[in-house]
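Visitor: Handing you a structure now.
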Amino acid sequence: MDGNWWWPWADNEVHAAPEIVVEVEPEIFAPTNPYYPEGVFIPGYEPNEAPVPVLLASLGGMLGFALLGASAIALKANPNLSKSNLALFCWFVMNGCLHCFFEGYFVFNHATIASSQNVFAQLWKEYALSDSRYLTSDFFMLSIESITVFIWGPLCFANAIAIVRGSPARHALRIVVCIAHLYGVSLYYCTSLSETYFTGLSHSRPEPLYFWGYYVGFNLLWVIIPAVLLLNSVVTIVMRLGTLDKVHVMLDAAILDTRRPRHNGTNGHTTEPKKTR
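Last residue of the sequence shown: number 277 in this note's numbering, and the count goes up by one each step with no gaps.
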């Protein structure tokens, strides 16, 4: 009851307080980085300072310098090296450089790539637009890249050396490395695409350049070329083993023929083959 109940002109009815409606506009948070899925947390991210053509030219220049130097050494060590073998040599040297140095940079610096302006770091930030897992220290990426750096990279260099020397082991090494590349790319594609299929979250930006150009196109080289080289090595080994089997059959037949007793057609006597010292 109101305290002025005794005043005759006082309004003794209790009135509810009027509701105050305040319209609050929803706060829109701008993304702190251009990577997908939207809102992915990338600590310390700093945009690249160098444009993409400069970054690609830098990587191409480093690889070109390495391949020219390695080719000069290979031709000096083996002047009879054919053009096809020289091309294979350059392919495996390039793979070794990318695996050991470029991907090695990721393995050892994955936690600071987002904030770094190193050439390799900026290249990784550009490629990560197609797969942001490279900037989130994803466990799968660290695992598969570590295997690539410490095992497949050195094996690529070993394969290149075997090609120059003409070692019979080159086909065995080539088969191992090619299967590793095919298996690694398959895992890389399957893990990302499966996550997108089952969760609806994509690690690649929606623009065709990043998905079809970076994610699919760049990695497709390590499907096509290893598949061709693997087939070539398998066919070569099968053909040479087949030829070796034929030689063994011919040698066995010749040995049996020399041990078989011969009959003299004139008098019917059997003559033993002459023994050689």
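Even glycine gets a Cβ: it sits at the ideal position worked out from N, Cα and C.
Keep in mind the model is a prediction, meaning the values are calculated, not measured.
If you draw a straight line from the C-alpha of Thr112 to the C-alpha of Ser84, how long is it?
Guide: 41 Å
Visitor: Under the assumption that Leu142 contacts Val107 (Cβ atoms under 8 Å), give the Cβ distance between them as a whole number of angstroms.
Guide: 7 Å
Visitor: Just to check my reading of the structure: Leu230 and Ile175 have Cβ atoms closer than 8 Å, yes? What is that Cβ distance to the nearest angstrom?
Guide: Contact between Leu230 and Ile175 holds, since their C-beta atoms are separated by about 6 Å, short of 8 Å.
Visitor: Leaving aside the five residues before and after Ala180 along the sequence, list all residues of the same chain whose C-beta is less than 6 Å from its C-beta, in chain order.
Guide: Trp152
Visitor: When DSSP labels each residue in this structure, what does Asp131 get in the three-state scheme?
Guide: coil
Visitor: Skipping 5 residues on each side, what residues in its chain have a beta carbon closer than 7 Å to that of Cys97?
Guide: Leu63, Ala66
Visitor: Among the residues of its own chain, which have a CB less than 7 Å from the CB of Phe233, if the five just before and after it don't count?
Guide: Sequence check: residue 233 is Ser here, not Phe. Once the five neighbours on either side are set aside, the close Cβ partners of Ser233 are His171, Arg174, Ile175.
Visitor: Mapping the DSSP letters down to three states, classify Ser143 as helix, strand or coil.
Guide: It is helical.
Visitor: Tell me whether Glu27 sits in a helix, a strand or coil according to DSSP, three-state version.
Guide: Confidence at Glu27 is low in this model, with a pLDDT of 49, below 50, so its placement is unreliable and no value can be given for it.
Visitor: Within its chain, find whatever has a CB closer than 7 Å to the CB of Tyr329; leave out the 5 residues flanking it on each side and keep chain order.
Guide: As shown, the chain starts at 1 and ends at 277. That puts residue 329 outside it, with no answer to give.
Visitor: If you measure between the beta carbons of His203 and Cys156, is that distance less than 8 Å?
Guide: no
Visitor: Under DSSP, the alpha helix (DSSP H) around Thr191 begins and ends at which residues?
Guide: Taken as a continuous stretch (DSSP letters only), the alpha helix (DSSP H) holding Thr191 covers 170-199.
Visitor: Please classify Tyr215: does DSSP put it in a helix, a strand, or coil?
Guide: helix
Visitor: Which residue marks the beginning of the alpha helix (DSSP H) containing Ala114, and which one marks its end?
Guide: Where Ala114 is concerned, there is no enclosing alpha helix (DSSP H), given that its DSSP letter is neither H nor E.
Visitor: Taking the alpha-carbon positions, what's the Ser167 to Arg240 distance?
Guide: 15 Å
Visitor: Taking Ser146 as the reference, give the member of Phe120, Ala121, Gly184 with the closest Cα.
Guide: Nearest C-alpha to Ser146: Gly184.
Visitor: Quick check on Ser294: does DSSP put it in helix, strand or coil?
Guide: For residue 294 there is no data in the structure shown, the boundaries of the chain being 1 and 277.
Visitor: Could you tell me which uninterrupted beta strand (DSSP E) segments, each at least 3 residues in length, are contained entirely in the stretch 40-82, listed from first to last along the chain?
Guide: none
Visitor: When the Cα atoms are used, what is the spatial distance from Gly61 to Leu201?
Guide: So the alpha carbons of these two residues sit roughly 36 Å apart.
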